[in-house]
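Notes follow the structure.
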Amino acid sequence: MKCPYCNHPDTKVVDSRPTEDGNSIRRRRACEICKKRFTTYEKVETIPLIIIKKDNNREQYDRGKIENGVLRACYKRPISAEAIKAAVDRIETQVFSLEEKEIPSNRIGEMVMEELKRLDEVAYVRFASVYREFKDVNTFMDELKKILG
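Just so we're aligned: 137 in full-length UniProt numbering is position 137 of the sequence shown, and the numbers increase by one with no gaps anywhere.
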């Protein structure tokens, strides 16, 4: 790493630790020539994940969309914020473990439904009613029978 003060090409790492969010490494460095110290952050470079929508449009993956859907489904349900965050984390881990550059949105929707089914049945039905676009009461009842049966 080049020193930002004297441009010497060689510096040494004095201290290294993960950042609070755990997504990068904070390194304290010292220049061997001018002796000044500075901080660098190291982060894994990732290729952006692309989501293929129902209408075949493509957009970049956004964790916030999964969080919003799960939060909306869990509205006024006895589910802690930690449980919701853990569920979203599990969904995101599952999405990235596919190791694909493009993923259809319906695949993510199914992952969300499976997670909500384990988390809270009412939240599951709420999400399913929007996600599956129930046209009438019969399709809604069929989904309820899947849960009960």
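For every residue, glycine included, the Cβ atom is placed at its ideal position computed from N, Cα and C.
Residue of the options minimising C-alpha distance to residue i
{"i": "glutamate 67", "options": "Asp55, Ala83, Pro78", "result": "Ala83"}
{"i": "serine 105", "options": "Lys76, Glu121, Gly69", "result": "Gly69"}
{"i": "lysine 54", "options": "Gly109, Ile91, Lys135", "result": "Gly109"}
{"i": "proline 9", "options": "Cys34, Arg107, Lys65", "result": "Cys34"}
{"i": "valine 44", "options": "Arg58, Ile50, Ala30, Gly22", "result": "Gly22"}
{"i": "alanine 86", "options": "Tyr61, Glu115, Thr19, Phe96", "result": "Glu115"}
{"i": "lysine 76", "options": "Glu102, Thr19, Val122", "result": "Val122"}
{"i": "lysine 101", "options": "Arg37, Pro18, Ile52, Arg17", "result": "Ile52"}
DSSP three-state assignment for residue i, whether helix, strand or coil
{"i": "serine 105", "result": "helix"}
{"i": "tyrosine 41", "result": "strand"}
{"i": "lysine 12", "result": "strand"}
{"i": "glutamate 66", "result": "Here residue 66 is isoleucine; the residue named in the question, glutamate, does not match the sequence. Three-state result, isoleucine 66: helix."}
Cβ neighbours of residue i in the same chain (closer than 7 angstroms, five flanking residues each side left out)
{"i": "methionine 113", "result": "Tyr124, Phe127, Ala128, Tyr131"}
{"i": "glutamate 42", "result": "Ser24, Ile25, Arg27"}
{"i": "threonine 40", "result": "Met1, Arg27, Arg29"}
Host beta strand (DSSP E) of residue i (start-end)
{"i": "glutamate 59", "result": "58-60"}
{"i": "isoleucine 33", "result": "Isoleucine 33 -> no beta strand (DSSP E), and no H or E assigned at all."}
{"i": "isoleucine 91", "result": "Taken as a continuous stretch (DSSP letters only), isoleucine 91 belongs to no beta strand (DSSP E), being part of the alpha helix (DSSP H) at 81-97."}
Exposure label - residue i; buried when at least 16 CB within 10 Å
{"i": "threonine 11", "result": "buried"}
{"i": "leucine 119", "result": "buried"}
{"i": "isoleucine 79", "result": "buried"}
Contacting residues, own chain, Cβ-Cβ under 8 angstroms from residue i (five flanking each side not counted)
{"i": "arginine 63", "result": "Val88, Glu92"}
Span of the alpha helix (DSSP H), counted from its first residue to its last, around residue i
{"i": "isoleucine 51", "result": "No alpha helix (DSSP H) contains isoleucine 51, which is instead part of the beta strand (DSSP E) from 50-52."}
{"i": "arginine 126", "result": "121-131"}
{"i": "methionine 141", "result": "137-148"}
The ligand GTP heavy atom lying under 7 angstroms from the CB of residue i
{"i": "valine 14", "result": "This structure does not include the ligand GTP; it has no bound ligands of any sort."}
Close beta carbons around residue i, own chain, < 6 angstroms, minus the five adjacent residues each side
{"i": "proline 4", "result": "Phe38"}
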